[in-house]
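Asker:
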Amino acid sequence: MPQTADILVIGGGIAGLSAGAALAPHARVTVLEGEAQVGFHASGRSATMLHYALGDALIRALTLASRPFFDMPPEGFSDVPLGRRMAVLVHAREDERAALDALEGDISRFTKLERLDAAGVHELCPLLKPDALYGIADRDGIRLDPHALLQNFARQLRRRGGELRTDARVASLKRRRDCWQVTTEAGDSFSAPIVVNAAGAWADKVAQLAGVGPLGMIPKRRTIITFDAPDGTDLDRLPFAKTVGDELYFAPESGRLFASPMDEVPSDPCDAQPEEYEMALAAQRVEERTTVKVARIHSRWAGLRTFAPDKRPAVGFAPDAEGFFWLAGQGGAGLQTSPAMAAITASLIAGQKWPVADVDKEELEPGRFLRQAA
Ligand SMILES: Cc1cc2nc3c(=O)[nH]c(=O)nc-3n(C[C@H](O)[C@H](O)[C@H](O)COP(=O)(O)OP(=O)(O)OC[C@H]3O[C@@H](n4cnc5c(N)ncnc54)[C@H](O)[C@@H]3O)c2cc1C
Numbered sequence: 000m001p002q003t004a005d006i007l008v009i010g011g012g013i014a015g016l017s018a019g020a021a022l023a024p025h026a027r028v029t030v031l032e033g034e035a036q037v038g039f040h041a042s043g044r045s046a047t048m049l050h051y052a053l054g055d056a057l058i059r060a061l062t063l064a065s066r067p068f069f070d071m072p073p074e075g076f077s078d079v080p081l082g083r084r085m086a087v088l089v090h091a092r093e094d095e096r097a098a099l100d101a102l103e104g105d106i107s108r109f110t111k112l113e114r115l116d117a118a119g120v121h122e123l124c125p126l127l128k129p130d131a132l133y134g135i136a137d138r139d140g141i142r143l144d145p146h147a148l149l150q151n152f153a154r155q156l157r158r159r160g161g162e163l164r165t166d167a168r169v170a171s172l173k174r175r176r177d178c179w180q181v182t183t184e185a186g187d188s189f190s191a192p193i194v195v196n197a198a199g200a201w202a203d204k205v206a207q208l209a210g211v212g213p214l215g216m217i218p219k220r221r222t223i224i225t226f227d228a229p230d231g232t233d234l235d236r237l238p239f240a241k242t243v244g245d246e247l248y249f250a251p252e253s254g255r256l257f258a259s260p261m262d263e264v265p266s267d268p269c270d271a272q273p274e275e276y277e278m279a280l281a282a283q284r285v286e287e288r289t290t291v292k293v294a295r296i297h298s299r300w301a302g303l304r305t306f307a308p309d310k311r312p313a314v315g316f317a318p319d320a321e322g323f324f325w326l327a328g329q330g331g332a333g334l335q336t337s338p339a340m341a342a343i344t345a346s347l348i349a350g351q352k353w354p355v356a357d358v359d360k361e362e363l364e365p366g367r368f369l370r371q372a373a
């Protein structure tokens, strides 16, 4: 089969589209998405916050490196903002104070934090119960707009000569004569020397299709519910409010509130659906931590956050297969780190300058898991 592209990107979520757009000035890129629309899985189901209260120093460094992209989108992106400012409040009860101190120490070198006493906590988030005594606030968080991000990356990809194919689920991948021969379920064929595996929860499955060793990626389900705020709540002023432990977050969402019990239930890759237990848990934790009564759940959804065994992303060429590039394991930070991850992908594949001074290539290398396994 003749070569149809220089690079085939498998997956049209935020990872695949941002990487495809970043690679397109350097190579002929085709992005293959199995669903009829982009962002149908994790990228369209997230809580859409950019904040530093999640992950470790590596995730925070990738987030910090991505931040200028969201504040000042590149030329060619539409004028629609990629998000809006929303304060981030991490709050704690008396028994959680030490954890809050530790988190403050971890985050403070990445963003400007304000330490809040009980009055400050309740001024920022009047819905919290009086036992929320301590807080740290980052007034400079961003509630990202995933639709604007996905559409802009897709447009940028096309404008740079790349192609996006939806309804193109990859069913087989074979290496022949220095090229990957890719066939979709619909029977279409593509061929390129490099494939980028940006298949989210399916990343290990795609590797197995190609005969490449899986990395041990674990998709974990997370649930979100929406419900009415009490009458008179000034939703525009509310922050994204999170317990210091991974117990609950909530924030304003389209005239209501949304909340997640921060569940992490291991799952097979699938079209994740919310389960009764986690929805009830979300409502219960909202009522434990706030003065809000969840009288009725208005809407609900779930998505898969996919983690490598060390909870750090895997970005780089597979050591065990020529031309097979991993871009997976973004966990709960795939939106907020996407510009840096796309730039790293372009750097490693197209020989561009290494874009994130605070991150070492080795920290992201997929080979680290295979070495451990050996
Ligand atoms: C509830 C929830 C809250 C979150 N909150 C945040 C947050 O506040 N901030 C943040 O930054 N991140 C957040 N995340 C995480 C973020 O959504 C993910 O890290 C990110 O979307 C992962 O992007 P992705 O492109 O790797 O995966 P996906 O969006 O899942 O894309 C992978 C794509 O690959 C396609 N695919 C799979 N197999 C094939 C195949 N064989 N052929 C072709 N295509 C294939 C799938 O159809 C899918 O569209 C959250 C996630 C969830 C679920």
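Just so we're aligned, residue 0 is where the sequence shown starts under numbering that gives the first Met the number 0, counting upward by one. Note that the Cβ used here is the ideal one computed from N, Cα and C, for glycine as well.
Using only the heavy atoms of ligand 2, determine whether one of them is closer than 7 Å to the beta carbon of serine 45.
Answerer: Ligands present in the displayed structure are limited to ligand 1, and ligand 2 is not among them.
Asker: Using C-beta distances below 7 Å, list every residue in its chain close to proline 24, excluding the 5 sequence neighbours before and after it, in chain order.
Answerer: Closer than 7 Å at Cβ, skipping near neighbours: Arg159.
Asker: Which one or two residues does DSSP pair with glutamate 162 in a beta bridge?
Answerer: DSSP, once it has assigned bridges, lists Thr29 as partnering glutamate 162.
Asker: Return helix, strand or coil for glutamate 275, following the three-state DSSP convention.
Answerer: Here glutamate 275 sits in helix by DSSP.
Asker: Can you tell me where the beta strand (DSSP E) holding proline 218 begins and where it ends?
Answerer: Its beta strand (DSSP E) spans residues 217-226.
Asker: Quick one: grab the DSSP three-state call for aspartate 137.
Answerer: It is a strand residue.
Asker: Using the rule of at least 16 other Cβ atoms within 10 Å of the residue's Cβ for burial, across every protein chain shown, is glutamine 36 buried or exposed?
Answerer: Glutamine 36 comes out exposed.
Asker: Which residue comes first and which comes last in the beta strand (DSSP E) that contains valine 89?
Answerer: Looking at the DSSP string, the run of the beta strand (DSSP E) that includes valine 89 is 87-91.
Asker: Excluding the 5 residues preceding and the 5 following tyrosine 248 in the sequence, name in chain order all residues of the same chain whose CB lies nearer than 6 Å to its CB.
Answerer: Result list for tyrosine 248: Lys241 and Ser259, in chain order.
Asker: If you compare alpha carbons, which of Val89, Leu172 and Val285 is closest to isoleucine 106?
Answerer: The option with the nearest alpha carbon to isoleucine 106 is Val89.
Asker: Please check the pair threonine 222 and alanine 301, which I expect to be a contact at CB under 8 Å, by giving their CB distance rounded to whole angstroms.
Answerer: Correct: roughly 5 Å between the Cβ atoms.
Asker: Below 7 Å, is the gap between the Cβ of tryptophan 325 and the nearest heavy atom of ligand 1?
Answerer: No, the beta carbon of tryptophan 325 sits no closer than 7 Å to any heavy atom of ligand 1.
Asker: Taking the alpha carbon of alanine 220 as the point to measure from, which residue in Val264, Arg236, Gln180 and Gly244 has its own alpha carbon closest?
Answerer: One point to set straight first is that residue 220 is arginine, not alanine, in the sequence displayed. Checking every option, the nearest Cα to that of arginine 220 belongs to Val264.
Asker: Please specify which runs of the alpha helix (DSSP H), each continuous and at least 4 residues long, are wholly inside the segment 93-127, giving them in chain order.
Answerer: Entirely contained in the segment 93-127, the alpha helix (DSSP H) runs reaching 4 residues are, in chain order, 96-106 and 117-123.
Asker: Below 7 Å, is the gap between the Cβ of leucine 31 and the nearest heavy atom of ligand 1?
Answerer: Yes - ligand 1 has a heavy atom lying nearer than 7 Å to the Cβ of leucine 31.
Asker: Since alanine 377 is in the alpha helix (DSSP H), which residue starts that stretch and which ends it?
Answerer: Outside the modelled stretch of the chain, which goes from 0 to 373, sits residue 377, for which no answer is possible.
Asker: Does the Cβ-Cβ distance between isoleucine 135 and leucine 115 come in under 8 Å?
Answerer: Yes, they are a contact pair.
Asker: Starting from threonine 47, trace the alpha helix (DSSP H) in both directions and tell me its first and last residue.
Answerer: Taken as a continuous stretch (DSSP letters only), threonine 47 belongs to no alpha helix (DSSP H), as it is neither H nor E.
Asker: Would you mind giving the Cβ-Cβ distance between alanine 342 and alanine 327, rounded to the nearest angstrom? I have them listed as a contact below 8 Å.
Answerer: Not quite, the Cβ-Cβ distance comes to about 17 Å (not below 8 Å), so this is no contact.
Asker: Which two residues bound the contiguous beta strand (DSSP E) that contains phenylalanine 189?
Answerer: Run containing phenylalanine 189: 188-191, per the beta strand (DSSP E) assignment.
Asker: Assuming alanine 197 and alanine 18 make a contact with CB atoms under 8 Å, what is their CB distance in whole Å?
Answerer: With 8 Å as the limit, alanine 197 and alanine 18 qualify as a contact, their Cβ atoms being about 6 Å apart.
Asker: Can you grab the Cα-Cα spacing for the pair proline 192 / tryptophan 353, in whole Å?
Answerer: Roughly 22 Å separates the two Cα atoms.
Asker: Count the other CB atoms, across all protein chains shown, that sit within 10 Å of the CB of tyrosine 51; report buried if there are 16 or more and exposed otherwise.
Answerer: Looking at its Cβ environment, which holds 16 or more other Cβ atoms inside 10 Å, tyrosine 51 is buried.
Asker: In the DSSP assignment, find the unbroken alpha helix (DSSP H) run with glutamate 252 in it and report its ends.
Answerer: That residue, glutamate 252, is in no alpha helix (DSSP H); its beta strand (DSSP E) goes 248-252.
Asker: Could you check if alanine 356 is buried or exposed, using at least 16 other CB atoms within 10 Å of its CB as the buried criterion?
Answerer: Alanine 356 is exposed by the Cβ-count criterion.
Asker: Inspect the CB distances between the segment 124-140 and the segment 271-289 and report whether three or more fall short of 8 Å.
Answerer: As far as the Cβ criterion goes, the segment 124-140 touches the segment 271-289, which means the pair count is three or higher.
Asker: In terms of residues, what are the limits of the beta strand (DSSP E) holding valine 205?
Answerer: Premise fails: valine 205 lies in the alpha helix (DSSP H), 202-208, not in any beta strand (DSSP E).
Asker: State the start and end residues of the unbroken alpha helix (DSSP H) segment that holds arginine 59.
Answerer: Arginine 59 -> alpha helix (DSSP H) spans 56-70.
Asker: Please determine whether the Cβ atom of glycine 330 lies at a distance below 7 Å from any heavy atom of ligand 1.
Answerer: Checking every heavy atom of ligand 1 against the Cβ of glycine 330, one is found closer than 7 Å.
Asker: Under 7 Å from any heavy atom of ligand 1, does the C-beta of tryptophan 179 make it?
Answerer: Every heavy atom of ligand 1 is 7 Å or more from the Cβ of tryptophan 179, so no.
Asker: How many angstroms separate the CA atom of aspartate 270 from the CA atom of serine 346?
Answerer: Taking the straight line joining both Cα atoms gives about 32 Å.
Asker: Can you give me the C-alpha to C-alpha distance between glycine 43 and histidine 121, rounded to a whole angstrom?
Answerer: Rounded to the nearest angstrom, the two C-alpha atoms are 31 Å apart.
Asker: Please indicate yes or no: does the CB of serine 259 lie closer than 7 Å to some heavy atom of ligand 1?
Answerer: Checking every heavy atom of ligand 1 against the Cβ of serine 259, one is found closer than 7 Å.
Asker: Would glycine 330 pass as a contact of glycine 54 if the rule is Cβ separation under 8 Å?
Answerer: Yes. Within cutoff.
Asker: Can you give me the C-alpha to C-alpha distance between glutamate 184 and alanine 170, rounded to a whole angstrom?
Answerer: Those two C-alpha atoms are separated by around 5 Å.
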